[in-house]
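**Student:** Sharing a structure here in C-alpha cells format.
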Amino acid sequence: MLEIKVGQGSCGISAGAAKVYDALQAALDADVKLSVTGCIGMCFLEPIVDIYDDGKLTRLVRVQPKDAQAIAQYLQTGDEASVASLKISAEDSAFLDKQTRIALRNCGLIDPENLDDAVAHQGYAALRKAVTEMTPEEVIEEIKISGLAGRGGAGFPTWFKWNAARQSTGSPKYLICNADEGDPGAFMDRAVIEGDPHALIEGMLIGAYAIGAAEAIVYVRAEYPLAIKRLEKAIADASAAGYIGEHIFGSDFSCGFRIKAGAGAFVCGEETALIESLEGQRGMPRLKPPFPAQSGYWHKPSNINNVETFANVAWILNNGGEAFAAMGTEGSKGTKGTKVFALTGKIKRGGLVEIPMGKTLRDVVFDIGGGMRGERNFKGVQLGGPSGGCVPLAGIDTIIDYKALSATGAIMGSGGMVIMDEDTCMVQMAKFFLDFTAKESCGKCVACRIGTKRLLEILTRICDGEGREGDIELLEELCSRIKENALCGLGQTAPNPVLTTIRYFRDEYEAHIRDKRCPAGECTALVRYSIDADKCRGCSLCSRKCPVNAISGEIGKPFSIDSDACIRCGQCAAVCKFGAVRKG
Amino acid sequence: MILLNGKEVAFVPGQTLLELAQANGIDIPTLCHDARIEPYGACGLCVCEVRMGQGPAKLMRACATKVADGMTVETHSERVMRSRKFVLEMLLSDHTGDCIAPCSLACPGGTDCQKYAALIARGEYHKAAETMKDVIPIPASIGRICPHPCEKKCRRALVEEPVSLAALKAFGADMDLLENTFVPDCKPATGKRVAVIGGGPGGLTAAYHLRRMGHEVHIFDKMPKLGGMLRYGIPEYRLPKAVLDKEIALMENIGVQMHPNTMLGRDVTLDGLRADFDALVVATGAWVSSKMHVAGEDLAGVFGGIDFLRETALGNPPAIGKTVAVCGGGNTAMDACRTAVRLGAETVYVIYRRTRDEMPAEQAEIEEAIEEGVQFRFLTNPDEICGDGKVESIRLQCMQLGAPDASGRRRPEPIEGKFETLAVDSVIMAIGQKTDFAGLETLEATTRGTVAADTATFRTNLDGVFAVGDVTNKGADIAISAIGEARKAADVIDAYLHGAQIAYEKPFVCEKEVTAADLAGREKAPRAKMPVLPADERKQTFTEMALGFDEETARKEASRCLECGCLDYAQCRLIRYAREYEADPAPYAGEKAARQKDDSHAVILRDGNKCILCGLCVRACDQLEKLDAIGLIGRGFTTEVGAEFRLPLASSICNGCGKCVEVCPTGALYRKTEGQKNVAVDKA
C-alpha cells in the first residue's frame, strides 16, 4: 500500500508544507493515501514528504508545490529519475539514523490528529497496563527503576516527585504538565505535542494514576496555536474513546483533562509561577517551601513535570524501566534514558536530536549536526537557553549528563542547543540572553528585577565601547549576589550566560574594555572599516553605496574611509568586488 | 532545639526564623514583610545562612523559613551582610527622590524648612517653632537676618520665585513667642559640666543642645548681654533686641547659666575653665575690624565697621558728622551705611572697588540703602584718608574691571593717574573682621590667625576643647553656619562626655535632579513681598523696618512649597537600613524606572518613584482590607503598582482606608489630610 506523509509541524508549515500538501492532494490519484504527520525533526530539509511503499520509505526533502507533478509521476511510474533531485542524501539521512528516539518515537511517523494511528503505534497500551494490572506504587517503582529525571532542566528524579505527591495528604490532587516552553531556540516540547499529543496525554494519565490525581492539566503557551489545536483534538478523541474520564479501562481510576493556555510570560515556566498563573493570578513565583507536592494548585498537592518527561513514561511501562536505564551514564547517580535537543545556530544540520545520555557534545554538533555551516570554526555552544551557559571548544568532549554539564558552568537545561561560530561575539551573546531575562523578570524580587537590568547595562556599555576597567569584576560580583539572593530559578540562573562567557572568553571581554576592540567583529560601535590600498582599484562602487558619504577618492586610485563619519553599516565591504574593505 | 548564632535556642513549632530571631532579640531587617500578611519574599533582605544537619549553608528568607529541628542559623554572617548590602544597593540604584529637600540640604544648620513651612501653612505655629528649634534655638532672630542659603536652592525658583523661607521662619517663631512658647524638654542630668565661651549664635546653639542632652551648661561672654554679633553687629532696625532678648530668656528657662561681662584672658582662662568643666566650647567669634593699611587710617574719625555698629548698639554712637564714607561691599558695609543714615548723616557714600554686580551684600540690602539715599561710588578704592588730626576728605583711586580672579569675579585694576577726592567727616572701614586670639594662645592657630578645629569633630589640639563658628578655620561667616557647626558639635561633645569618640558624619541621602521642564505644569503663584516702612520714615528711626507677614499672607506663602523632601524620611526603613549596612549604590548607577506620582486621591498620595515594589500595599489591600483596589502592573524593571487599567487611584475602588500607607516601608505612600498642606511624618 502506498502512503504519503507530509511533515507538518509548525516548522514544516513555515517552510511551505501546507502548500505542498495541497498541491499533492490536487496532483495525486484519489487512491493514494495522503496524510499529515508531525515534525520529522530535520528543520534544515523542510518541507519533507515521506513516501511509504509497503513500509519502504522514500524521503523527499525541500519539496516545493511545483514538485507535486513530478512526485505523482514517480508514484505512477516508479521512475526515480523524476524525483532524484528531491531524494534525501545518505549524509543527511544519517541525521536521523544516528538518533535513538523514545520521547519522539512517533513524531514524524503518525498522524497526530488521528487517534487510531496513535493506538496502532502502542498508544494507550501502557495506560491500560497501569490502571488494570499495576498499583500506583508499582508504577512509581517502575519509574524509579528507569531513572527518569525531569527533562525541563532541573533533572530531579521523577519518581521522587510522584511519590511525594502520592504520600501528601490533601485532596483533590492535581497533575500538571509544564508546556510553557520559553527558552529562545528550544522547540522540543512543541514538536512532541504537535507530532504525538497522545504520548503526552497517556504519560500524564499514568502520572495522574500514580499520584492519585483527579485532574490533569496541560499549561501550554498560547504562542503554540497548532500544538493547542492538535492537543484539543487529541483530548476530545481520547475522551470519546474512554481513555479520559470516568473508570478508565473499567478501572476505579477516573481523571479529567484540560488545557490552560499561558499568556506569554517566560517566568510561568517556573513551576510556582505557573501555578499562580493557573489560578488566574499574576505569574509570579511563590516561596518554596512549601513545594507543590505539599501545597500547589489551589494549595492542594500537585505534581508538575515537563512535556518530554511525560512523553517517556508510556515507553517505560511498555518496555520496562530497566530498558530505559540501560541507556545513559553509569552508576546509580548516572543520567538515564535519552534527551531531546533542539539544535540551532550556525550548524550545518539543525533540528531535533534525541540521543542516549552519555554521548558527547561533539557527537551532537559534529557527528549528527554535521559541524559548522559555511566553513567557519566552532566557538561554543549555549546549552539551556538563558538559564544555561556556554561550553567552548575545549569542552566539546563533555558527556551529556546532568553532573558533567553542570561542572562546565552550563546546564543540561530543557534541551536548547545554540551553536556559535567565530563570528559570534560572546559579550553580545551574554547581552542577548540578559536582555531576555531582564525583560522576562516578573519584577517580584529585587535581585532579579534590578540585578539583571544592571547586568544588561554593564554588558551594553562594554559592547558600545564604553566598558570601564573593573567592569568584569563588577559583573562577577553582581552575578554572585543575584544567584544567591534571587527568589526563583529564573533569577538564580540568569547570570549563567555572563559567568560562563567570562570564564571561557575573558580575553574577549578585556579586548572590548581595554582595547575597545570586538575580536568577533560583531559589536558595531567597535568595528572599524578601512580600505586596503593594495587591493582597491578605485572603482568608486563603495563610495556610491555609502549612505553617509564617508568614502572618498579619485577614480582609479585607492579610496579611503572617514572613520568619524562612518556609521559601520558594512555596505562597502559587502559590495566591494576586490575584497579591499577590511573590517577590524 | 536549633543553633541560632552559635547559641542553642528552643522554638515553637510553626515559628518562622524571623519570629524566632525577634523573640531572641535579634533584629533581622525586612522591607516586604508584615506579621499580619502572608510571607512574600520579594525584598530578600531578611536572608540568613541556614544549614540543615551537615548540609551546605544556604541563604534562606527568614520571613518564610519555618524553623526545624537541627537547623544551624547565622543571622549576621559576612555572607548574609554582603547579600543584604547588595539588595539595598540595588534598591537605591533605582530609587528616585529627595530624602531631604534641597532647601534643608543647603541650610548649614540643616533646618527642616519644608516641614516648618507646611506647619505654618496649616496654622500650626507652635509645631513649626518646635521644628525650627530642633536646630536653631533663636529662630525669630535668625529668620530676620539670615541671608537664607535655603532660598537660593528652593525649587520653586524654577516655577517663578523661591518660597520666602526666612521671613516665614521669623513669622512662625514670632507667633510662637506670643503665647505658649515652645520650651524643649531636657534629658535627666548627666552630672557633666560644659563651659561655652562666647554667647553668640554658635555659643548659644551649642549651649542649648548640650543642655537638652542633660548636661550642665555655662556661657561666658565678655559683653554685658548675650547674643554676640546678633546683638552688637546687627542693627536694631533689622533685628529688634527685644526679640533676641525673648529668645535668649528661653535658654535661661531651660537652665543654661549665663555669665556676661566675663572675658576670656581677663576674668577667666582656658586652663582654669578646663579644670572646672568636663568640656569647653570656644565660640568667641571674630570681633576685630580688619585694617585697610592706607595712609591716614589712624586719623580721628576713622572707625572699624563692626566697632561702629557695636558702639551704636551699646548706646554710644560715635560722632560721625554729616558726611560719611563707608568702605566695603558686604553686609557689614550695608549695616554701617544705613546705621549712619539713621544717626543723622546727611550724605553717606559707599566706596566699593568693583561694581554692584560683584557686591557680596544681599541685593535687597543694596536696594534698600539706595532707597534711603546712600550714594554708591563703584569702581573706587580708598587711596588716602586726608586731614589734619581728624578726617577731612578721602582720596579715591578710580578702578576698572579686568580679567576674572580666582573667585570668578572680575579683578579691579587701578586706572593709572585717575583719582577723585570726597570731602567727608568720617570714614567707616567695613572690609572684614578677624579673630582676637587673646586668651586662646594655647590653642593651635591656622595661618589665618583663627583657631584650628577639625572640620568633622570640631576638636582642637587640646583634649576636651572644641571650637565652632567665626573663631575657627576660615573665619567669619554667616550666623547659621556657626549654628550648624554648633548643632553638629553638640552631638560630638555629648558622645565625648559619655566616653565615646565619634565623628560627625554626613549621612547618606538620595537626591534627584529637577529641571524647570519637570515643573512646567505648576500653576504660578508669586512670592509674597515683605511689607516695610517707607524709606523716608525708616531713615529717621531704628524701629524694625520689616513689618512682618500677616497670618493670611504667611499661610499662603508657605503653601507655595513644592514639598520636594520625602514626607516619610523620618520613618523610612530603606534609608535606615541603607545607612546601617553602609550601602553604596554608586557602582551600579544606571537607568531608573520612571514611575509616576499619583496625587488624584483625596487622602492617599502615591509616589511611584519611591516604590521599592515590596508589594505590601497590594497585599494589605487584598488581605487586610479585602478590597484589591491596586495590583502589580507590567513586568521586569518597569513593574509598578497601580489601580486597574493604570487609572488614577481616585477612579479606583480604593476606600481610603490607609492600610497601604501603614505598611509601606518607604515614602511611596503618604496619608494626606484633605485640604491641608502635607507635613512630613515624625520619627516613630
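In order, the protein sequences belong to chains A and B.
If you use my numbering, the first sequence corresponds to residues 1 to 584, in order.
If you use my numbering, the second sequence corresponds to residues 1 to 684, in order.
Note that beta-carbon positions come from the ideal geometry of N, C-alpha and C, so glycine has one too.
None of the values given here were measured: they were computed from a predicted structure.
1. Could you tell me whether the Cβ of Gly590 (chain B) comes closer than 7 Å to any Cβ of chain A?
2. Of the residues B:Glu591, B:Gln15 and B:Gly548, which one's Cα is nearest the Cα of Lys512 (chain B)?
3. Closer than 8 Å by C-beta to Glu232 (chain A): which residues in its own chain qualify, once you throw out the five before and the five after it? Chain order, please.
4. In chain B, which residues lie with their C-beta within 8 Å of the C-beta of Glu440 (chain A)?
5. Per DSSP, Leu59 (chain B) forms a beta bridge with which residues?
6. Under three-state DSSP, which class holds Ser441 (chain A)?
7. With Tyr174 (chain A) as the anchor, note down where its beta strand (DSSP E) starts and where it stops.
8. Does chain D have any CB closer than 7 Å to the CB of Arg362 (chain A)?
9. Report all residues from its chain with a CB closer than 7 Å to the CB of Ala573 (chain A); omit the five preceding and five following residues, and keep chain order.
10. What's the gap between the Cα of Ile143 (chain A) and the Cα of Trp159 (chain A)?
11. For Ser559 (chain B), which residues in the same chain have their Cβ closer than 7 Å to its Cβ, ignoring the five residues on either side in sequence?
12. Is there at least one Cβ from chain A nearer than 7 Å to Phe86 (chain B)'s Cβ?
13. Excluding the 5 residues flanking Gly389 (chain B) on each side, which residues of the same chain have their C-beta closer than 8 Å to its C-beta?
14. Ordered along the chain, which non-local residues of its own chain (more than five positions away) have a Cβ less than 7 Å from that of Ala130 (chain A)?
15. Can you tell me which of A:Asp534, A:Ala438 and A:Asp464 puts its alpha carbon nearest to the alpha carbon of Gln492 (chain A)?
16. Let me see if you follow: with CB-CB separation under 7 Å, is Lys66 (chain A) close to chain B or not?
17. Could you give the uninterrupted runs of the beta strand (DSSP E) lying entirely in the region 322 to 364 of chain B, keeping only those of 3 residues or more?
18. With 7 Å as the limit, tell me which residues of the region 38 to 49 of chain B have their beta carbon closer than that to any beta carbon of chain A; keep them in chain order.
19. Looking at chain B, is there any beta carbon in it that lies within less than 7 Å of the beta carbon of Val446 (chain A)?
20. Any beta-carbon of chain A closer than 7 Å to the one on Met90 (chain B)?
21. Counting only Cβ pairs nearer than 8 Å, list the residues of chain B close to Asn485 (chain A).
22. What does a CB cutoff of less than 6 Å around His33 (chain B) pick up in its chain, not counting 5 residues either side in sequence?
23. Applying the 10 Å Cβ sphere with the 16-neighbour rule, what's the burial state of Thr543 (chain B)?
24. If you follow the alpha helix (DSSP H) that Thr205 (chain B) is in, where does it begin and where does it stop?
25. Would you verify that the beta carbon of Glu457 (chain A) is, or is not, closer than 7 Å to some beta carbon of chain B?
26. Please determine, among B:Arg274, B:Cys107 and B:Glu179, the residue with the shortest C-alpha to C-alpha distance to Lys488 (chain B).
27. At the 7 Å Cβ level, is Ile450 (chain A) part of the contact set with chain B, yes or no?
28. Quick check on this structure: which residue in A:Gly351, A:Ala236, A:Lys56 and A:Gly321 has the alpha carbon closest to the alpha carbon of Glu113 (chain A)?
29. So Arg342 (chain B) packs on Lys539 (chain B), CB below 8 Å; how close in whole Å?
30. List the whole-angstrom C-beta distance separating Val340 (chain A) from Glu354 (chain A), where the pair is believed to meet the contact cut-off of C-beta under 8 Å.
31. Does any residue of chain B bring its CB to less than 7 Å from the CB of Leu499 (chain A)?
32. Can you tell me whether Ser93 (chain B) is helix, strand or coil according to DSSP?
33. Would Cys564 (chain B) pass as a contact of Asp271 (chain B) if the rule is Cβ separation under 7 Å?
34. At which residues does the beta strand (DSSP E) containing Tyr670 (chain B) begin and terminate?
35. Does the beta carbon of Asp94 (chain B) come closer than 7 Å to any beta carbon on chain A?
36. Decide if Gly152 (chain A) is buried, meaning its Cβ has at least 16 other Cβ atoms within 10 Å, or exposed.
**Tutor:** The structure says:
1. yes
2. B:Glu591
3. Ile259
4. Arg635 and Gly636
5. B:Glu49
6. coil
7. Tyr174 to Ala179
8. In the structure shown, chain D cannot be found, because the protein chains are A and B.
9. Tyr529, Val581 and Lys583
10. 6 Å
11. Ala121 and Lys677
12. yes
13. Leu299 and Ala300
14. Val139, Ile206, Tyr209 and Leu317
15. A:Ala438
16. no
17. 323 to 327 and 347 to 352
18. Pro39, Gly41, Ala42, Cys43, Gly44 and Val47
19. yes
20. yes
21. Gly44, Val47, Leu59, Ser83, Phe86 and Val87
22. Cys63
23. exposed
24. Pro201 to Arg212
25. yes
26. B:Cys107
27. yes
28. A:Ala236
29. 7 Å
30. 5 Å
31. no
32. helix
33. no
34. Leu669 to Arg671
35. yes
36. buried
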